[in-house]
Structure formats: C-alpha cells, structure tokens
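Visitor: Take a look at this one; I'll ask things after.
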Amino acid sequence: MTEELEIFLEDCDDQLQMMEDALVDMQSNGASESTIGTIFRAVHTIKGSAGMFGFDDIVTFAHTGENLFDSIRQGDVGVCEEMISLFLLCKDHMEVLINLLTEDKELSAAQKEVGHNLIQRLEGYLPRAQIKEENIEDIPSTIVIEAAKWHISIRFHKDFFTTGMSINSVFKFFNKVGKVLKIQPIIYNIPSIEDINPLHPYIGFEVCLLADLSKSEVEDIFEFIQEDVDLYIFLCDDSDEYNTLVSIRKEPELKNELINAKFIDEDTLIEPELIIPTVEEKEEIVLNQKEEEIVLNQKEEEIVLNQKEEEIVLNQKEEEEIVLNQKEEEEIVLNKKEESSEPKKKAVSSLRVDSSKIDILINYMSEISITNSRILTLIDDEGSEIGETVIHMKQLLEFVSDGIMDMRMVKVGDSFNKFRRIVSDTAKKIGKDVDFVISGEDTELDKTVVERISDPLLHMLRNSIDHGVELPEDRVACGKPAQGRVDLRAYQDSGTIVIEIEDNGKGLDRDRILAKAIENGSVKKNNNLSDSEIYKLIFSAGLSTAETVSAISGRGVGMDVVKRNIEDLRGSVEIESTIGQGSKITIRLPLTLAVIDGFLLQVGDTKYIIPLENIKECIELTTIEQESLNGNEFINVRGEVLPLLDIRLLLGENKSITERQNIVIVYFGKKIVGLLVDELLGEHQTVIKSLGIVFDQLSGISGASVLGSGEIALIFDVARLIELRNEG
Amino acid sequence: MELDLDTEMNLDDMDDDLLVIGDSQQYLFFILAGDIYAIDVNNISEMIEYQAITKVPLMLPYIKGVTNVRGKIITVLDLRERFGLGETKLNYKTSLVITNNIALIIDEVHEVTSVEESNLKESINFGVKIERRFVKNMASYNNTHIVILDCDEVLNIKEISQKRASK
Numbered sequence: 012m013t014e015e016l017e018i019f020l021e022d023c024d025d026q027l028q029m030m031e032d033a034l035v036d037m038q039s040n041g042a043s044e045s046t047i048g049t050i051f052r053a054v055h056t057i058k059g060s061a062g063m064f065g066f067d068d069i070v071t072f073a074h075t076g077e078n079l080f081d082s083i084r085q086g087d088v089g090v091c092e093e094m095i096s097l098f099l100l101c102k103d104h105m106e107v108l109i110n111l112l113t114e115d116k117e118l119s120a121a122q123k124e125v126g127h128n129l130i131q132r133l134e135g136y137l138p139r140a141q142i143k144e145e146n147i148e149d150i151p152s153t154i155v156i157e158a159a160k161w162h163i164s165i166r167f168h169k170d171f172f173t174t175g176m177s178i179n180s181v182f183k184f185f186n187k188v189g190k191v192l193k194i195q196p197i198i199y200n201i202p203s204i205e206d207i208n209p210l211h212p213y214i215g216f217e218v219c220l221l222a223d224l225s226k227s228e229v230e231d232i233f234e235f236i237q238e239d240v241d242l243y244i245f246l247c248d249d250s251d252e253y254n255t256l257v258s259i260r261k262e263p264e265l266k267n268e269l270i271n272a273k274f275i276d277e278d279t280l281i282e283p284e285l286i287i288p289t290v291e292e293k294e295e296i297v298l299n300q301k302e303e304e305i306v307l308n309q310k311e312e313e314i315v316l317n318q319k320e321e322e323i324v325l326n327q328k329e330e331e332e333i334v335l336n337q338k339e340e341e342e343i344v345l346n347k348k349e350e351s352s353e354p355k356k357k358a359v360s361s362l363r364v365d366s367s368k369i370d371i372l373i374n375y376m377s378e379i380s381i382t383n384s385r386i387l388t389l390i391d392d393e394g395s396e397i398g399e400t401v402i403h404m405k406q407l408l409e410f411v412s413d414g415i416m417d418m419r420m421v422k423v424g425d426s427f428n429k430f431r432r433i434v435s436d437t438a439k440k441i442g443k444d445v446d447f448v449i450s451g452e453d454t455e456l457d458k459t460v461v462e463r464i465s466d467p468l469l470h471m472l473r474n475s476i477d478h479g480v481e482l483p484e485d486r487v488a489c490g491k492p493a494q495g496r497v498d499l500r501a502y503q504d505s506g507t508i509v510i511e512i513e514d515n516g517k518g519l520d521r522d523r524i525l526a527k528a529i530e531n532g533s534v535k536k537n538n539n540l541s542d543s544e545i546y547k548l549i550f551s552a553g554l555s556t557a558e559t560v561s562a563i564s565g566r567g568v569g570m571d572v573v574k575r576n577i578e579d580l581r582g583s584v585e586i587e588s589t590i591g592q593g594s595k596i597t598i599r600l601p602l603t604l605a606v607i608d609g610f611l612l613q614v615g616d617t618k619y620i621i622p623l624e625n626i627k628e629c630i631e632l633t634t635i636e637q638e639s640l641n642g643n644e645f646i647n648v649r650g651e652v653l654p655l656l657d658i659r660l661l662l663g664e665n666k667s668i669t670e671r672q673n674i675v676i677v678y679f680g681k682k683i684v685g686l687l688v689d690e691l692l693g694e695h696q697t698v699i700k701s702l703g704i705v706f707d708q709l710s711g712i713s714g715a716s717v718l719g720s721g722e723i724a725l726i727f728d729v730a731r732l733i734e735l736r737n738e739g
Numbered sequence: 004m005e006l007d008l009d010t011e012m013n014l015d016d017m018d019d020d021l022l023v024i025g026d027s028q029q030y031l032f033f034i035l036a037g038d039i040y041a042i043d044v045n046n047i048s049e050m051i052e053y054q055a056i057t058k059v060p061l062m063l064p065y066i067k068g069v070t071n072v073r074g075k076i077i078t079v080l081d082l083r084e085r086f087g088l089g090e091t092k093l094n095y096k097t098s099l100v101i102t103n104n105i106a107l108i109i110d111e112v113h114e115v116t117s118v119e120e121s122n123l124k125e126s127i128n129f130g131v132k133i134e135r136r137f138v139k140n141m142a143s144y145n146n147t148h149i150v151i152l153d154c155d156e157v158l159n160i161k162e163i164s165q166k167r168a169s170k
C-alpha cells in the first residue's frame with residue numbers, strides 16, 4: 012500500500028470514528044447543530060479524499076449521505092431515531108467500502124445490494140425538491156452544455172511533498188472532472204542544480220480546465236491541499252483576471268509564459284510597465300502602491316495628503332510609517348484569512364507519526380544512555396570536568412527519553428468511546444436496557460497498551476451486559492430499577508493504570524461456576540477454594556455458565572484469551588462479585604510497556620530487575636531471623652505476616668553462600684510477597700527488551716534489559732511471581 | 004595500468020560469485036567436539052567471539068542464557084550439549100555463530116567455502132555421532148564426509164523452549 016493510501020485510510024478511520032461518536036451522541040442526546048455539522052464534515056471529507064484516489068463507489072455513496080445531511084443542516088429534514096440507525100448502517104457500509112477498495116478488491120454482489128438499498132433508503136428521506144434539483148444538475152453533466160473554461164494557477168508550497176499528496180493525483184482529478192485544454196508548467200522558479208533541494212516542488216502550473224463546475228467546486232478539488240498550495244482560479248475569458256494573476260504572482264517571467272502558451276494575447280495584458288517594471292520604476296510603483304494603501308487608512312490621511320502632490324519625495328521617517336502601516340494591514344488580512352478558515356477546519360495541532368518510529372527512537376535512546384553510562388565508568392572520576400559533563404549529558408538524555416516516552420501516551424477516552432455503540436447495540440439486541448457510564452477518559456496510557464486492551468475490554472463489557480445485567484422485567488421483580496448500569500472506569504493508582512468494569516446486575520453465581528468447573532474437570536470435587544479463586548475460574552478455557560449460547564457470549568472461549576492478553580501486557584485481572592448486586596472486574600496495567608524504573612538486584616550469578624512500581628520496601632534478613640524462619644515460608648514484619656518467596660529456590664539456583672540475605676517486599680494489587688534475594692544493587696532505569704521466543708514459556712520473567720556494563724539483567728514479572736508463590 | 008588490474012580482479016570475484024549462484028553453495032565448516040560440521044551460510048547472520056553470557060534460569064541445560072550483541076538480546080545455545088556431546092569447554096577459539104537470533108556455541112571456526120551440489124550426498128544412517136534428525140545431508144570435503152546440519156531441527160523452537168524438567 013502506498014503512503015498516500017495509508018494516510019487516506021487513517022484519515023477515514025478518524026472521520027468514521029468521529030461520525031460514529033456523533034451519531035451515538037445523537038442517539039442519546041438528540042441531534043444538535045454541532046453533531047450534525049460533525050457528521051456532515053466527516054462525510055464530506057471522506058467523499059473528497061476518496062475522490063482524489065478515484066474510489067467512485069465511495070464518492071457516490073457518500074454523496075447521497077452528504078445531500079441528506081445538508082438538508083438536515085438546513086433544517087429541511089428532521090432527524091428521527093430510524094434515521095440515526097440508518098446512518099450507523101451507512102457508516103458501517105462506508106467502512107466496508109473503504110477497506111475493500113483500498114485493498115484493491117471488488118465489491119461482492121451482496122455488498123453492492125446493501126449499498127444500493129442504503130442509498131434508496133437515504134433518498135427516501137430527501138425532500139422531493141432536492142431530488143429533482145439533483146436530477147437537473149445531473150443532466151448538464153452528461154451533455155456538457157455550459158462547461159466553463161477555468162484558469163487555474165498553482166504554486167506548490169515548498170513542503171508540499173511532506174503532506175503525502177502527489178502532484179500527479181491533482182492532475183488525475185482534473186481529468187476526472189473535466190478536460191485539461193492547456194497546460195503550462197512554470198519552471199523558472201527551479202534553482203540551479205547546486206541550490207536545488209530535491210524535496211521541494213519548485214514547479215508550478217498554469218492550467219486551462221474545461222469543466223462543468225462552479226468556482227467553488229473547482230476550489231473543492233484542492234480542498235485537501237489548499238493549505239499547501241497557492242491557488243488562483245478564474246474564468247478564462249476574463250482578461251482582467253490575467254492581469255491580477257500576473258501582478259499577484261510577482262513573477263516577471265509569467266507574462267511571457269502566458270503569452271507563449273497562448274493563454275492570452277499580448278494585447279490583452281495592459282499596462283505592461285506595471286507588470287515588468289525596471290529596477291527604478293519598481294521602487295516607484297511599490298511606493299505608489301503603498302501610498303494607495305495609506306489612502307485607505309483614514310488616520311494617516313493627512314500625512315498622505317501632504318505627500319501626495321510631490322510624487323516620490325518621501326523621507327525616511329515617513330517611509331517607515333508606511334511600512335508599518337502595510338504590515339498592520341497584512342496582519343489584518345492574515346487574521347481575516349485565519350478567521351475565515353477556522354470554522355472549516357480545526358488548526359492542525361497534532362502530528363501523525365508511525366508508532367514504530369517512536370519505538371526505534373526509544374531503542375536508540377536506551378543505547379545512547381547505556382553508552383553514556385559506559386563512558387562514565389571508563390572515566391572513573393565523576394568529579395572531573397569530563398565526568399561532570401557526562402553526568403549533565405545523562406540528565407539531558409533523561410529529558411529526551413521522557414519526552415519520547417510521553418509521545419506514546421494517549422488518552423483512553425477515544426478508545427472507550429468506541430464501546431458506546433457496541434454496548435448500546437448489544438443491549439438492544441438482547442432486549443436489555445443499559446446505562447453505560449464512562450469515567451476517567453483523560454487517563455493516559457501507552458498507545459500499544461490501549462490498542463491491545465481494547466478487545467479484552469469489549470469482551471468483558473459484552474459479558475457484563477449478557478450475563479450480568481438482567482432483563483428489565485427481572486430487574487423490576489428484584490426491586491431494582493429497570494435500567495441496568497455498566498460502568499467503565501480508568502484511573503491511575505501507584506504507577507499502574509486501573510480499569511474497572513462494574514455492573515449492577517445479578518452477580519456471579521459462585522456455586523454454578525464451581526459446579527461447572529468440577530463437571531469439566533478443571534477443579535477437584537473436594538476443593539477448598541476461596542470466592543475470588545472461584546471467580547477466577549471464569550478465566551479458564553471452556554467454562555461458560557451461560558445456559559444458552561448466544562451470538563454475544565456463552566461459548567466459554569474468550570475469557571481465557573482475555574486473561575492471557577492482559578498478562579501479556581504485564582497486567583493482572585481480579586473479580587469481585589456479590590450475588591444480586593453485581594460484579595466488578597478490575598484490570599491493572601503498567602503505564603507503559605517500553606520503559607521501567609527498576610531496582611537492580613542479584614540472585615546467584617544472574618542480575619534481575621524488579622519494577623520500582625511493585626516495590627514496597629527492602630529489608631535485611633538477619634542471621635537470627637533466618638534461623639527463626641525454621642523452614643517456614645513467612646516472617647513477621649512489624650506484626651504483619653509476610654509470605655516469603657525464595658528466588659534461589661524458585662529459579663533452581665544453588666543454596667546461598669552469602670551470610671546476609673535481603674528481602675524485597677513487592678506488591679501487586681492487594682497481594683504482598685517478600686522476595687528473598689542475595690544482593691541489592693540499586694535503582695536502574697531501563698528499556699524492556701524481549702528475551703526472544705525461546706523463553707516464551709518462562710513465567711516470572713517478563714523481559715530483559717541491557718545494563719551500562721553491557722551485561723544483561725532479567726526483569727521479574729511480579730504479578731506472576733506472586734501467583735507462583737500462591738500456587739506453592 | 005592500475006585500473007586494468009582492478010577490473011581484472013573484479014571480474015575474478017564475479018566469476019566466483021557466479022559459480023556460487025550456479026550449482027554450489029557456501030558453507031561454514033566448524034569444529035565441534037573434535038569433528039567438523041557444516042552449516043549453510045544462508046542461515047548465518049554473523050559470527051562473533053565468545054562473550055559473557057547471562058544465565059536464564061529454569062531452561063534446558065543447553066540453553067545457556069542470553070548475550071548482548073550491540074544492544075540486541077540473543078539467546079545462546081550450546082551446540083555440543085544440544086547434540087549430547089558434553090558441555091563446551093571454553094577457550095580462546097570458542098565462537099558464537101548467530102542464526103535467526105540464536106547464537107550457537109562452537110569450538111572453533113574452520114573455514115567458509117563452497118561445496119558443489121554434486122558433492123552433496125543423502126545422509127547416512129550410521130557412523131554419525133549426532134542424532135540423525137539434525138543431519139540435513141552430507142558433503143564430501145577434503146576426502147571425508149562432513150555432516151551438514153539441519154538448522155530448522157537444531158533450532159526447533161518448540162523443543163528448545165521447554166522448561167527444565169525439575170528443580
């Protein structure tokens with residue numbers, strides 16, 4: 012796929028999402044001017060960019076939608092419930108179209124049928140007059156009676172290519188909407204070979220286009236590049252406009268080019284001295300122009316009047332004033348421009364960057380940091396000037412890497428809002444009434460985490476609606492309000508992100524889960540499981556307590572996948588539930604996957620890192636305590652029982668040789684374990700690297716990190732370690 | 004004159020390359036427990052001197068751990084142990100052959116040379132110290148028969164990623 016297509020796809024994704032958000036908002040809050048506007052713009056934008064790529068199917072489809080929305084915007088048509096559902100279907104169809112066409116696939120007959128039906132239904136809402144008008148508009152386009160000759164003068168801004176657009180596609184579009192009668196490339200702006208920057212489009216074009224379009228429609232061709240080109244569009248028969256063109260372009264060669272290319276006769280271009288002034292004349296004219304501008308400015312009128320009689324006897328002071336005036340005026344023009352363009356498009360404040368590029372940066376940053384600390388070790392004298400410089404460098408590098416890290420963070424809100432529609436669709440399908448409440452949209456999370464948590468969350472939300480929330484009549488029978496409630500919350504809690512899904516439905520049926528688990532053999536009959544352990548069983552494969560398999564859930568696959576996905580992200584999941592009152596699923600995730608602040612320690616021959624966010628404190632295990640352990644696997648810390656996990660034992664290392672051992676007290680969620688380790692080596696910020704597929708099955712270790720010395724340290728997965736301890 | 008010489012040399016090089024593309028393939032010959040083995044060079048991304056390895060616990064004995072190659076983390080596998088020929092005894096000739104992000108510890112690099120296809124033979128059932136499944140085929144080389152290793156089998160992820168049986 013070409014880069015342009017990728018951008019197109021991304022853009023469409025955004026537009027479709029905006030559309031869906033607005034539609035869902037309409038469903039719950041009714042139509043407002045801003046939501047209608049949003050949808051209209053989204054449809055229009057997609058239509059426009061699809062046109063640039065020649066995806067006619069999308070254009071035709073979007074066009075009908077756009078028409079209807081235009082009528083809605085003008086108040087000719089009211090919005091009703093069915094219409095919104097129809098639009099949601101249209102949005103889905105549009106997505107299908109976009110995905111198919113960008114992959115160069117043909118539409119299937121069924122899909123065409125769907126599109127056709129949707130168009131018909133859309134047209135059904137259009138007021139009669141509108142349809143007629145459409146038809147009238149259609150006729151001339153086929154016969155081409157009143158096709159106008161448009162002169163289009165384009166100059167590309169120097170960073171045009173960085174927008175991802177190509178000059179080629181502009182011309183392709185010309186040929187689509189009409190016929191290019193004349194074209195003259197403007198090449199005199201191309202510098203000599205030494206000065207050329209191959210990334211800049213020095214070329215310009217003067218084009219005569221025969222097309223049955225209005226001026227604004229011609230301008231629409233450039234809608235997506237209008238900020239990156241200088242345009243001047245006018246009707247070819249208007250000779251005055253040619254003069255204006257020549258004067259605004261400020262290109263002395265332009266006149267000759269236009270004449271040579273036979274855009275216009277030599278005679279038509281009047282006042283040649285204004286257009287190609289000699290050097291002295293030039294100044295005069297500029298001054299004259301300035302004077303004219305001053306006339307406009309009433310405040311300065313007096314001065315100007317005085318000066319006007321003598322032609323160009325301006326002293327320097329006044330000249331300055333004039334320049335100032337001109338500047339002011341330019342500013343006003345600029346402001347006006349900004350004002351007028353603002354309602355059309357929001358100011359571009361964000362930058363689209365492929366996330367893999369950031370990953371590469373992070374990787375290099377860590378290499379640089381490692382190299383830098385290596386230098387410090389080599390100098391072996393922190394007090395020296397070089398030492399200080401290296402330390403300063405280290406601080407600067409930390410700023411840079413923090414900055415890069417920050418780029419990866421996105422607000423969870425966007426991804427959460429996507430669930431709104433699915434939740435409402437799901438609830439509707441099974442006849443449940445659910446109030447879906449999202450909170451903590453502004454919580455920031457690593458983009459990769461957000462992407463990878465999306466599917467598991469969706470799955471759990473569906474479960475909550477399908478299994479958790481009861482049917483309205485059942486709810487009323489239990490004395491609860493008919494409308495159920497599902498909460499999706501996100502917040503930060505001591506270095507982790509917590510996402511909660513809570514419903515006020517019937518809660519998990521402990522006994523039924525247990526019975527089912529015993530039935531399929533995953534749990535023995537005489538077990539001694541705690542409630543939370545039983546609830547955790549729903550995450551094991553092949554266990555569904557749903558009596559009937561519905562389209563939404565109940566197949567017993569999924570929850571195990573959910574759990575695995577969360578664990579892959581170094582996260583954990585817990586369930587609380589009360590029969591009759593609802594259940595709450597709590598997911599804990601690390602803030603970012605790429606970097607951790609860790610604590611370096613040694614066990615046996617290997618160095619390990621524990622994420623700092625998991626560490627509560629470090630204590631020393633004295634010989635006396637060691638003896639008092641007496642084979643037990645816990646100690647007393649300030650009156651609290653602390654379960655211990657001997658890392659040496661766990662990892663199959665030899666018995667400790669050091670006399671003193673240390674305990675690192677780690678926690679994850681609500682669970683606390685003391686890890687018995689050999690040596691504490693201090694804090695260490697590090698980039699997490701994968702150990703490689705060979706170590707995929709190794710639990711308790713989530714990755715590795717390269718230390719300043721070039722050595723590798725392994726990173727503990729605290730959540731898994733705690734689980735390992737509890738499994739014994 | 005100089006220019007002429009260069010051209011001639013280049014031509015020679017090209018001839019050599021063409022030969023390789025034609026009906027022969029380059030192999031790395033190396034020494035392992037006193038015998039010579041070979042690996043298709045297409046499987047090899049680089050060869051480095053043996054360097055410090057970080058032990059990863061709980062893995063099979065021949066998975067020695069990981070090592071840092073210019074910031075990349077590479078798994079290290081002791082080829083001798085993998086073949087059941089005892090643990091490698093480190094000396095200054097010990098090298099790491101990196102294939103597909105896994106470094107193989109070998110005793111000594113012998114040479115890299117091309118073997119014509121006509122000199123390749125089916126693997127034989129006897130007289131080879133290592134398990135037959137590791138043998139891709141045999142090459143005649145300096146009047147002896149050399150085992151060409153089947154890298155896919157040697158680096159069978161399913162097999163080598165298993166955890167050590169007991170503590």
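In order, the protein sequences belong to chains A and L.
When the letters of the first sequence are read in order and numbered with the working numbering, they come out as residues 12 to 739.
When the letters of the second sequence are read in order and numbered with the working numbering, they come out as residues 4 to 170.
For glycine and all other residues, C-beta sits at the position ideal for the given N, C-alpha and C.
With DSSP as the reference, label Asn428/A as helix, strand or coil.
Guide: Note: Asn428/A maps to helix in three-state DSSP.
Visitor: When you compare the CB of Ser48/L with every CB in chain A, is at least one pair closer than 8 Å?
Guide: No, no contact with chain A.
Visitor: Using the beta-carbon of each residue, which ones in chain A are nearer than 9 Å to Arg167/L?
Guide: Chain A residues near Arg167/L: Gly663.
Visitor: Going by DSSP in three states, His113/L sits in which element: helix, strand or coil?
Guide: His113/L falls in the strand class under three-state DSSP.
Visitor: Which first and last residues belong to the alpha helix (DSSP H) in which Arg84/A is found?
Guide: Unbroken alpha helix (DSSP H) run through Arg84/A: Asp67 to Arg84.
Visitor: State buried or exposed for Thr697/A, treating a residue as buried only when at least 16 other CB atoms are found within 10 Å of its CB.
Guide: Thr697/A is buried by the Cβ-count criterion.
Visitor: Are the CB atoms of Ile590/A and Val675/A nearer to each other than 8 Å?
Guide: No; because the gap between Cβ atoms is not below 8 Å, this pair is not in contact.
Visitor: What in chain L is Cβ-close to Val717/A, meaning under 7 Å?
Guide: Within 7 Å Cβ-Cβ: Asn71 and Gly74.
Visitor: Can you list, in chain order, the stretches of the beta strand (DSSP E) that have 3 or more residues and sit fully within the region 422-485 of chain A?
Guide: 445-450 and 455-457, all fully within the region 422-485 of chain A.
Visitor: Determine the contact status of Tyr30/L and Val118/L, defining contact as a CB-CB distance below 8 Å.
Guide: Result yes, Cβ atoms of Tyr30/L and Val118/L sit closer than 8 Å.
Visitor: Are the beta-carbon atoms of Ile512/A and Ser551/A separated by less than 8 Å?
Guide: Not in contact: Ile512/A and Ser551/A (Cβ atoms no closer than 8 Å).
Visitor: For a test of the three-state rule: what should DSSP assign to Arg166/A, helix, strand or coil?
Guide: In the structure shown, Arg166/A sits in a strand (DSSP, three-state: E or B).
Visitor: Keeping to the same chain, check which residues put their C-beta closer than 6 Å to that of Val44/L; ignore five residues upstream and five downstream.
Guide: Result list for Val44/L: Gln29 and Leu31, in chain order.
Visitor: Hey, which unbroken runs of the beta strand (DSSP E) at 3 residues or more fall wholly within the region 69-126 of chain L?
Guide: List check, beta strand (DSSP E) in window: 75-81, 98-102, 105-109 and 111-119.
Visitor: Using a Cβ-Cβ distance under 8 Å, would Thr147/L count as near chain A?
Guide: So no, Thr147/L is outside the interface.
Visitor: Have a look at Val100/L, Arg135/L, Glu156/L and Phe137/L and flag the residue whose alpha-carbon is nearest the alpha-carbon of Ile77/L.
Guide: Comparing Cα positions, the closest option is Val100/L.
Visitor: Count the other CB atoms within 10 Å of the CB of Phe51/A; is the residue buried (16 or more) or exposed (fewer)?
Guide: Phe51/A is buried by the Cβ-count criterion.
Visitor: Looking only at C-alpha atoms, which of Lys517/A, Asp365/A, Gln237/A and Glu230/A sits nearest to Ile244/A?
Guide: It is Glu230/A.
Visitor: Could you say which of Val648/A, Glu399/A, Asp689/A and Ile646/A lies nearest to Ile658/A if we only look at CA atoms?
Guide: Measuring from the Cα of Ile658/A, the nearest candidate turns out to be Asp689/A.
Visitor: Beta-carbon within less than 6 Å of Ile189/A's beta-carbon, same chain only, minus the 5 sequence neighbours each way: which residues are those?
Guide: The question names Ile, yet the displayed sequence has Gly at residue 189/A. Closer than 6 Å at Cβ, skipping near neighbours: Leu220, Leu221 and Ala222.
Visitor: Go ahead and pull the three-state DSSP assignment for Leu210/A.
Guide: Note: Leu210/A maps to coil in three-state DSSP.
Visitor: Cutting at 8 Å between CB atoms, please list the residues of its own chain near Leu93/L, excluding the five before and the five after it.
Guide: These residues qualify, in order along the chain: Tyr53.
Visitor: Using the Cα positions of Gly714/A and Thr49/A, report the straight-line distance between them to the nearest angstrom.
Guide: Approximately 44 Å, taken between the alpha carbons.
Visitor: Closer than 7 Å by C-beta to Lys574/A: which residues in its own chain qualify, once you throw out the five before and the five after it? Chain order, please.
Guide: Taken in chain order, the residues that qualify are Phe550 and Val584.
Visitor: For the region 706-721 of chain A against the region 677-689 of chain A, do three or more pairs of beta-carbon atoms, one drawn from each stretch, fall closer than 8 Å, so that the two count as touching?
Guide: Taking 8 Å as the limit for Cβ pairs, the verdict is that the region 677-689 of chain A does not touch the region 706-721 of chain A.
Visitor: For the alpha helix (DSSP H) containing Ile545/A, list its first residue and its last residue.
Guide: Residues Asp542 to Lys547.
Visitor: For Arg85/L, does the count of other Cβ atoms within 10 angstroms reach 16, so buried, or fall short, so exposed?
Guide: Answer is buried; the Cβ neighbour count reaches 16.
Visitor: Cβ atoms of Ser164/L and Phe1/A: under 8 Å apart, would you say?
Guide: Outside the shown range of chain A, which is 12 to 739, sits residue 1/A, and nothing can be said about it.
Visitor: Starting from Lys700/A, find everything on chain L with Cβ-Cβ shorter than 9 Å and list it in chain order.
Guide: Residues of chain L passing the Cβ test: Gly74, Lys75 and Ile76.
Visitor: By alpha-carbon positions, which one of Ala61/A, Asn538/A, Val364/A and Lys123/A ends up nearest to Lys187/A?
Guide: For the residues Ala61/A, Asn538/A, Val364/A and Lys123/A, the minimum Cα distance to Lys187/A belongs to Ala61/A.
Visitor: Would Leu612/A and Leu718/A qualify as a contact pair, given that the criterion is a beta-carbon distance under 8 Å?
Guide: No, the pair does not count as a contact, with Cβ atoms beyond the cut-off.
Visitor: Taking the C-alpha atoms as reference points, what is the distance between Ala36/L and Asp110/L?
Guide: Their backbone Cα atoms lie some 7 Å apart in a straight line.
Visitor: Starting from the Cα of His74/A, find the closest Cα among Lys536/A, Thr400/A and Met105/A and give me that residue.
Guide: Out of Lys536/A, Thr400/A and Met105/A, Met105/A has the C-alpha closest to the C-alpha of His74/A.
Visitor: Let me make sure I understand the geometry here. Which of Thr603/A, Leu456/A, Ser435/A and Glu455/A has the alpha-carbon closest to that of Glu446/A?
Guide: Reading the sequence as shown, one finds Asp at residue 446/A and not Glu. Answer by Cα proximity: Ser435/A.
Visitor: Distance check for Gln38/A and Ala158/A, CA to CA, integer angstroms please.
Guide: Their Cα atoms are separated by approximately 43 Å.
Visitor: Beta-carbon of Gln708/A versus every beta-carbon of chain L: anything under 8 Å?
Guide: Closer than 8 Å to some Cβ of chain L, the Cβ of Gln708/A qualifies, so yes.
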